[in-house]
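> One structure coming up, written as structure tokens, with questions to follow.
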Amino acid sequence: MKDCIFCKILRKEIPSEFIYEDEHCFAINDINPKAKKHILVIPKEHIESLNEIKDFEIVKKLFEAISKINIKENISHFKTLINTGAKAGQEVMHLHIHVLSD
Ligand SMILES: [Zn+2]
1495 MKDCIFCKIL RKEIPSEFIY EDEHCFAIND INPKAKKHIL VIPKEHIESL NEIKDFEIVK
1555 KLFEAISKIN IKENISHFKT LINTGAKAGQ EVMHLHIHVL SD
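Oh and the sequence shown: position 41 is 1535 in the working numbering, straight run, nothing missing.
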């Protein structure tokens, strides 16, 4: 989507360091970290939120990515969080999973 910040990052229109990338998703560090490590895992397809998902295969792919990222980043204990909807604190309307670890 044209004006979506995560789509812009994916298209390299906004510089950002990818800490992980595969066919389905990519991961970046949150610019306002709420923990020592705060990673965002993002599907490459623009899906607004969990409410818009029709094929939940992507959710499996995202969690597979988290597992790989955690090995790579040496993360053994962590929380995952998915805010769905602005009223729940979703700031970017492109599905993403927060991975937080202290
Ligand atoms: Zn997007």
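Even glycine gets a Cβ: it sits at the ideal position worked out from N, Cα and C.
(1) Taking the straight line between their C-alpha atoms, what separation do you get for S1543 and K1530?
(2) Between H1540 and ligand 1, is there a pair consisting of the residue's CB and a ligand heavy atom that are separated by less than 7 Å?
(3) Can you pull the DSSP bridge partners for S1570?
(4) Report yes if the C-beta of H1592 is less than 7 Å from at least one heavy atom of ligand 1; otherwise report no.
(5) Verify the contact flag: C1519, CB atom, against every heavy atom of ligand 1, threshold strictly below 7 Å.
(6) Answer yes if the region 1556 to 1573 comes into contact with the region 1517 to 1524, meaning at least three C-beta pairs across the two stretches below 8 Å, and no otherwise.
Answer, in terms of the structure:
(1) 25 Å
(2) yes
(3) For S1570, which the question treats as bridged, DSSP gives no partner whatsoever.
(4) no
(5) no
(6) yes
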